[in-house]
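**Student:** In the numbering used here, the protein residues as written are 3 to 248.
I have a structure I would like to understand better, so I am pasting it below and will then ask my questions one at a time.
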């Protein structure tokens, strides 16, 4: 897998198939692995949060999860990155885990989200081994209890969905105590799996307007991320271009 240096982090140019095969192979080999993603919102955060940037570079694999990063890769480096959202791989990946007899645990979302998502995945894949389901927005003093349970069940794959940059920082801070082989930060993916978030129309996803759909669904909660964040991200791209030319 090739990587591209963007905004001080290494972003891997992977296909959806490579993205699924990599953690499967690492889990089967027993090699502890951390995975996360980057999009325009993540870039805006890491420009103000050096610790978050450091942690992304510490991760074994960071892939593009937004059209903005794909455009940045082409504009700044002349590289063809592919946007890969969780919706594109989650069901196929879980089916592959079931086939390979790999266990998963889900630490994600508000109360009940992980449980609902788990039920759906089990309906789709009766053979899937889900060894733990935990709410992602837990109170601080329950983190130790969750870590103890994960250490006891030792899942092959642990999905962590707390939102950026909290999920990456939680993974990094607790790395030595996390008893899973592959730890995959997935943001709000399980909100979608659980049915809390309406799926993006295929035509909007195809032309890079997933962000507009999310803004439409939750204007009050997302306006700052997109109405302000998108122009800021474009400014950062142009600034990088000027710096590189200089």
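We put the beta carbon where it would ideally sit given N, CA and C, even for glycine.
Answer yes or no: do residue 235 and residue 54 have a C-beta to C-beta separation smaller than 9 Å?
**Tutor:** Counted from its first residue, the chain shown places residue 235 at position 233. Counted from its first residue, the chain shown places residue 54 at position 52. It is not a contact, given that the beta carbons lie outside the stated cut-off.
**Student:** Do you know whose CA, among 173, 124, 165, 127, lies nearest residue 146's CA?
**Tutor:** Residue numbering aside, residue 146 sits at position 144 when the chain shown is read from its first letter. Minimum Cα distance to residue 146 is reached at 173.
**Student:** Cα separation between residue 118 and residue 153?
**Tutor:** Within the chain shown, residue 118 is the residue found at index 116, counting from 1. Within the chain shown, residue 153 is the residue found at index 151, counting from 1. So the alpha carbons of these two residues sit roughly 23 Å apart.
**Student:** Under the assumption that residue 6 contacts residue 75 (Cβ atoms under 8 Å), give the Cβ distance between them as a whole number of angstroms.
**Tutor:** For this step, residue 6 is matched to residue 4 along the chain shown. For this step, residue 75 is matched to residue 73 along the chain shown. Contact holds; Cβ gap of about 5 Å.
**Student:** Residue 236 by DSSP, collapsed to three states: which one?
**Tutor:** Stepping through the chain shown from its first residue, residue 236 is reached at position 234. Here residue 236 sits in helix by DSSP.
**Student:** Among 188, 155, 180, which residue has its Cα nearest to the Cα of residue 167?
**Tutor:** To locate residue 167, count along the chain shown from 1; it is residue 165. Among 188, 155, 180, the Cα nearest to that of residue 167 is on 188.
**Student:** Taking contact to mean at least 3 C-beta pairs separated by less than 8 Å, is the region 198-213 in contact with the region 9-28?
**Tutor:** Flag = no, the region 198-213 and the region 9-28 do not touch.
**Student:** Roughly how many whole angstroms lie between the Cα atoms of residue 92 and residue 143?
**Tutor:** By one-based count along the chain shown, residue 92 stands at place 90. By one-based count along the chain shown, residue 143 stands at place 141. Their backbone Cα atoms lie some 30 Å apart in a straight line.
**Student:** Got a sec, what are the start and stop residues for the alpha helix (DSSP H) residue 39 sits in?
**Tutor:** For the purposes of this step, residue 39 is identified with residue 37 of the chain shown, where counting begins at 1. Element bounds for residue 39: not the alpha helix (DSSP H) but the beta strand (DSSP E), 35-40.
**Student:** Less than 7 Å between C-beta atoms, sequence neighbours within five positions excluded: which residues of the same chain meet that for residue 216?
**Tutor:** Taking the first residue of the chain shown as 1, we reach residue 216 at position 214. Closer than 7 Å at Cβ, skipping near neighbours: 224.
**Student:** Less than 8 Å between the CB atoms is what I'm expecting for residue 108 and residue 132, so what's the real figure, rounded?
**Tutor:** Taking the chain shown and counting its residues from 1, the one referred to as residue 108 is at position 106. Taking the chain shown and counting its residues from 1, the one referred to as residue 132 is at position 130. With a Cβ gap of about 7 Å, residue 108 and residue 132 count as contacting.
**Student:** Let's see if you can read the secondary structure: which residues bound the alpha helix (DSSP H) around residue 49?
**Tutor:** As a position in the chain shown, residue 49 is number 47, starting the count at 1. That residue, residue 49, is in no alpha helix (DSSP H); it is neither H nor E in DSSP.
**Student:** Which term fits residue 31, buried or exposed, when burial requires 16 or more other beta carbons within 10 angstroms of its beta carbon?
**Tutor:** Along the chain shown, read from residue 1 onward, the residue named residue 31 stands at position 29. Exposed is the call here.
**Student:** Under 8 Å by Cβ, that's how I've got residue 41 and residue 67 pegged, so tell me the actual separation to the nearest angstrom.
**Tutor:** The residue you call residue 41 lines up with position 39 of the chain shown. The residue you call residue 67 lines up with position 65 of the chain shown. The pair is a contact, with the Cβ atoms about 5 Å apart (cut-off 8 Å).
**Student:** Runs of 3 residues minimum, wholly inside the region 143-189: which ones carry the beta strand (DSSP E) assignment?
**Tutor:** List check, beta strand (DSSP E) in window: 159-163, 184-187.
**Student:** Taking all protein chains shown into account, do 16 or more other C-beta atoms lie within 10 angstroms of the C-beta of residue 245, making it buried, or fewer, making it exposed?
**Tutor:** The residue you call residue 245 lines up with position 243 of the chain shown. By the neighbour-count rule (16 or more Cβ atoms within 10 Å), residue 245 is not buried but exposed.
**Student:** Please list the terminal residues of the continuous alpha helix (DSSP H) segment that includes residue 5.
**Tutor:** If you number the chain shown from 1, residue 5 lands on position 3. Not the alpha helix (DSSP H): residue 5 falls in the beta strand (DSSP E), residues 4-8.
**Student:** Once DSSP output is grouped into helix, strand and coil, what is the label at residue 81?
**Tutor:** Looking up residue 81 in the chain shown gives position 79. If DSSP states are grouped into helix, strand and coil, residue 81 belongs with coil.
**Student:** Taking the alpha helix (DSSP H) that residue 134 falls in, what are its first and last residues?
**Tutor:** On the chain shown, position 132 is the one that residue 134 refers to. No alpha helix (DSSP H) contains residue 134, which is instead part of the beta strand (DSSP E) from 131-137.
**Student:** Between the Cα of residue 82 and the Cα atoms of 150, 164, 71, which residue gives the shortest distance?
**Tutor:** Sequence index remark: in the chain shown, residue 82 carries index 80 (1-based). Residue 82 has its Cα closest to that of 71, out of 150, 164, 71.
**Student:** Identify which residue in 219, 218, 184 has its Cα closest to the Cα of residue 63.
**Tutor:** As a working note, residue 63 is residue 61 in the chain shown. Ranking 219, 218, 184 by Cα distance to residue 63 puts 184 first.
**Student:** By alpha-carbon positions, which one of 37, 116, 157 ends up nearest to residue 139?
**Tutor:** Working through the chain shown from its first residue, we reach residue 139 at position 137. Measuring from the Cα of residue 139, the nearest candidate turns out to be 116.
**Student:** Grab me the residues of residue 214's own chain with a C-beta within less than 8 Å of its C-beta, minus the 5 sequence neighbours each way, in chain order.
**Tutor:** By 1-based counting over the chain shown, the position of residue 214 is 212. Excluding sequence neighbours, residue 214 sits near 206, 228.
**Student:** Can you have a look at residue 170 and say buried or exposed, based on whether 16 or more other CB atoms are within 10 angstroms of its CB?
**Tutor:** Taking the chain shown and counting its residues from 1, one reaches residue 170 at position 168. Result: buried.
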